[in-house]
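Have a look at the structure below before the remarks.
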Amino acid sequence: MELIDTHTHLDFPDFDADRQALLAESRALGVRRIVVLGVYQANWQRVWELVQSDPDLHAAFGLHPVYLDDHRPQHLSELGDWLTRLAGHRQLCAVGEIGLDYFIETLDRDRQQVLFDAQLQLAADFELPALIHVRRSHAAVIATLKRFRLKRAGIIHAFAGSPEEAREYIKLGFKLGLGGAPTWPQALRMHRVLGELPLDSVVLETDSPDMAPAMFPGQRNSPAHLPAICEALAQRMAISPEQLAAASTANSCAVFGW
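Numbering that gives the first Met the number 0 applies: residue 0 is where the sequence shown begins, and numbers increase by one.
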């Protein structure tokens, strides 16, 4: 069973003590490729150096809405510079993590929107997929994506919306990222939604070190947990883990052009 982890933050200090061992363990469990996402200007270099150390790692760069107060106007032009410099590199795979976060009420929504628009324009300009963070902001994100109509679309990270929202994203060409959250018994709404998602619309992810699945409560999440996540989600979707893994891997390769 071959898997791709489409969303991690493996550059975070949480992994400093055992990163290489963890990568070896993940590979042994069938995780063939891993995407590492930049979230603010200060970690892009760290992400790229990590990715350069392993041919099976791929990088995305973006300005995450949760770090809004850390972002400066010049960081957008610096993001453009990074994408220009790395254009066509086999280990550059997307613009991300970008999006809108309405869960944290202190984050200025207008500033978030301006930043989101600018980064979607970069994704369009460089013909890269976008990896999108959405928390309590589906309507605004969908409306924004309808304005841009990205040629290569991308992935809605940690999808937790309704069947109707899922259909809107799918119509726009996006895949839906599924990870640890729907494995929890209390995620009743997502359990119902999972059964309605077409297999050609889903990709698997961990969001390591966050969003640990129910099987590893309170632990640091990691790509090594992806096979267990795949198994738990497949059970909810009434399909085999092999079917879900094959679909996710094919969908991920389609998104990233692998």
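The beta-carbon is built from N, C-alpha and C at its ideal position, and this holds for glycine as well.
Cα-Cα, which of Pro162, Val65, Val133 and Phe147 is closest to Ile154?
With distances taken between Cα atoms, Ile154 lies closest to Val133.
If you drop the 5 nearest sequence neighbours on each side, which residues of the same chain put their C-beta closer than 7 Å to that of Asp209?
Cβ within range, chain order: Asn220.
State the Cα-Cα distance for the pair His74 and Leu62, rounded to the nearest angstrom.
Rounded to whole angstroms, His74 to Leu62 spans 8 Å at the Cα level.
Measure the Cβ-Cβ separation of Thr7 and Val254 and say whether it is below 9 Å.
Taking 9 Å as the Cβ cut-off, Thr7 and Val254 do not qualify as a contacting pair.
Output the residue ranges of the beta strand (DSSP E) runs that lie fully inside the segment 39-85 and measure 3 residues or longer, sorted by chain position.
For the segment 39-85, whole beta strand (DSSP E) runs of length 3 or above, ordered along the chain, are 56-60.
Check whether the segment 223-237 touches the segment 156-176, counting contact only when three or more Cβ pairs, one atom from each stretch, lie closer than 8 Å.
Flag = no, the segment 223-237 and the segment 156-176 do not touch.
Beta-carbon proximity of Pro240 to Ala213, cut-off 9 Å:
No. Outside cutoff.
Throw me the rounded Cβ distance for the Arg135 and Phe158 pair, which I believe falls under 8 Å.
Between Phe158 and Arg135 the Cβ distance is about 13 Å, and since that is not below 8 Å, they are no contact.
Residues bridged to Val30 (per DSSP):
According to DSSP, Val30 bridges with Leu2.
From the DSSP output, read off the bridge partner residues of Ile97.
Beta-bridge pairing links Ile97 to Ile131.
Whose CA, out of Asp107, Arg71 and Leu203, lies closest to the CA of Ala231?
With distances taken between Cα atoms, Ala231 lies closest to Leu203.
With the cut-off set at 9 Å, would you say Ser207 and Leu9 are in Cβ contact?
For Ser207 and Leu9, yes; Cβs fall inside 9 Å.
Where do the ends of the alpha helix (DSSP H) carrying Leu114 lie?
From DSSP, the alpha helix (DSSP H) with Leu114 extends over Arg108 to Phe125.
What residue range does the beta strand (DSSP E) around Lys174 cover?
Lys174 to Leu177 is the span of the beta strand (DSSP E), which, as asked, contains Lys174.
Backbone secondary structure at Ile154 - three-state DSSP
DSSP places Ile154 in strand when its eight states are reduced to three.
Residues that Val201 bridges to, as DSSP identifies them
Partner(s): Leu175.
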